[in-house]
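**Q**
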Amino acid sequence: MADVTNGGAWTPRLSWLALALSLGGLTTALVAAVGTGAGAWAYGAGLGALRYALYAAVAGGLLAVVAFLMSRRSGARTGRLNLLALVVSLLFTAYLGNQIATARSVPAIHDASTNLDDLPQFSALAVRPDNLANIPDEGRRDLAAMDPDSRWKALHREAYGDLRPLRLAASPAQVVRSVEQLVRDRGWAVVKVDSRAGVVEATATTLFFRFKDDVVVRVRPDPARPGGSVVDMRSISRVGGSDVGVNAKRIRSFLADLAKV
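Our numbering applies: residue 837 is where the sequence shown begins, and numbers increase by one.
(1) If you compare alpha carbons, which of Ser-1071, Val-1066, Val-1012, Pro-848 is closest to Arg-908?
(2) In its own chain, which residues sit with a C-beta less than 7 Å from the C-beta of Leu-853, not counting the 5 before and 5 after it?
(3) Between which two residues does the beta strand (DSSP E) harbouring Asp-985 extend?
(4) If you compare alpha carbons, which of Val-963, Pro-943, Lys-1096 is closest to Leu-997?
(5) Is the separation between the beta-carbon of Val-901 and that of Leu-932 shorter than 8 Å?
(6) Within 8 Å, do at least three Cβ pairs link the stretch 1008 to 1019 to the stretch 984 to 998?
(7) Taking just the CA atoms, how far does Ala-889 sit from Arg-916?
(8) Kindly identify the DSSP beta-bridge partner or partners of Met-1069.
(9) Quick check on DSSP: helix, strand or coil for Leu-1004?
(10) Whole angstroms are fine: how far does the CA of Asp-1021 sit from the CA of Ser-1031?
(11) So, is Val-1052 buried or exposed, given that buried needs 16 or more other C-beta atoms within 10 angstroms?
(12) Tell me whether Ser-1031 sits in a helix, a strand or coil according to DSSP, three-state version.
(13) For the stretch 959 to 975 against the stretch 1072 to 1089, do three or more pairs of beta-carbon atoms, one drawn from each stretch, fall closer than 8 Å, so that the two count as touching?
(14) List the whole-angstrom C-beta distance separating Leu-862 from Phe-928, where the pair is believed to meet the contact cut-off of C-beta under 8 Å.
(15) May I have a chain-ordered list of the alpha helix (DSSP H) segments no shorter than 4 residues that lie completely inside the stretch 900 to 934?
(16) In whole angstroms, what is the alpha-carbon distance linking Asp-1079 and Arg-913?
(17) Do Ala-892 and Leu-857 count as a contact pair if the criterion is CB distance below 8 Å?
(18) Going by C-alpha to C-alpha distance, which of Arg-1003, Gly-975, Leu-1004, Pro-1001 sits closest to Leu-991?
(19) Per the contact definition of three or more C-beta pairs closer than 8 Å, is the stretch 1001 to 1013 in contact with the stretch 1058 to 1065?
(20) Rounded to whole angstroms, how far is the Cβ of Asp-1068 from the Cβ of Arg-1003, which I believe are closer than 8 Å?
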């Protein structure tokens, strides 16, 4: 009887602690992201806080399971608290776990393009000075023997070999107008539109951390298709070593929509 009574006293406390940890982890992540986006601290600090947010959420989920088992013995009515703590923990850890898995599945690069042999160039925007600094060799001798530019291209071809120029039947002038409209529809900040040169430059900003990625879309006449166009695109993150595949994903999505116009 004493054990059951003691368990009944402790179970609600564990349930509330589980909920506090789960919600605390989620809240910490949101504050880290919003604070980084607002410039309250460096992006490295914001990303580092996610580790502790994950630890808290996982601990909350585990405690919720323990509290549930204890409630079965003690008869404490804490089912809703345990369920809420567990759901919050699972959803948050699943989301963050997916981001971590994605980061590990792609190379630690932050510059993606449809054309590595003839890269679209920025003119209104500038490529970050350290764009080719710290390109990883991933412990491979073949990559270690390469210069940074060649290493980046090798990693890019392996991870994003599907990124190719888009060929369209429309004229370059028509395509540039479509590109500009799609850019504006996405809420990117348009920096330059040069119909004669066939270039559109813009900056995309992520939702929470407010990371900024610079984008250039180049439209040229298609030599193999009179009257048609060839579209190349490039997207570069301003900060960080790895973009977690975001730039390549942005290019795929944008060109897929452009092909439908």
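The beta carbon of each residue, even a glycine, is placed where N, CA and C say it ideally should be.
Since this is a predicted model, take the numbers as computed values, not measurements.
**A** If we stick to the structure as given:
(1) Pro-848
(2) Leu-899
(3) Taken as a continuous stretch (DSSP letters only), Asp-985 belongs to no beta strand (DSSP E), being part of the alpha helix (DSSP H) at 984 to 995.
(4) Going by the sequence as given, residue 997 is Gly instead of Leu. Of the listed residues, the one whose Cα sits closest to Gly-997 is Pro-943.
(5) no
(6) no
(7) 23 Å
(8) Val-1053
(9) strand
(10) 18 Å
(11) buried
(12) coil
(13) yes
(14) 5 Å
(15) none
(16) 46 Å
(17) yes
(18) Gly-975
(19) yes
(20) No, Asp-1068 and Arg-1003 are not in contact; Cβ-Cβ is about 11 Å, not under 8 Å.
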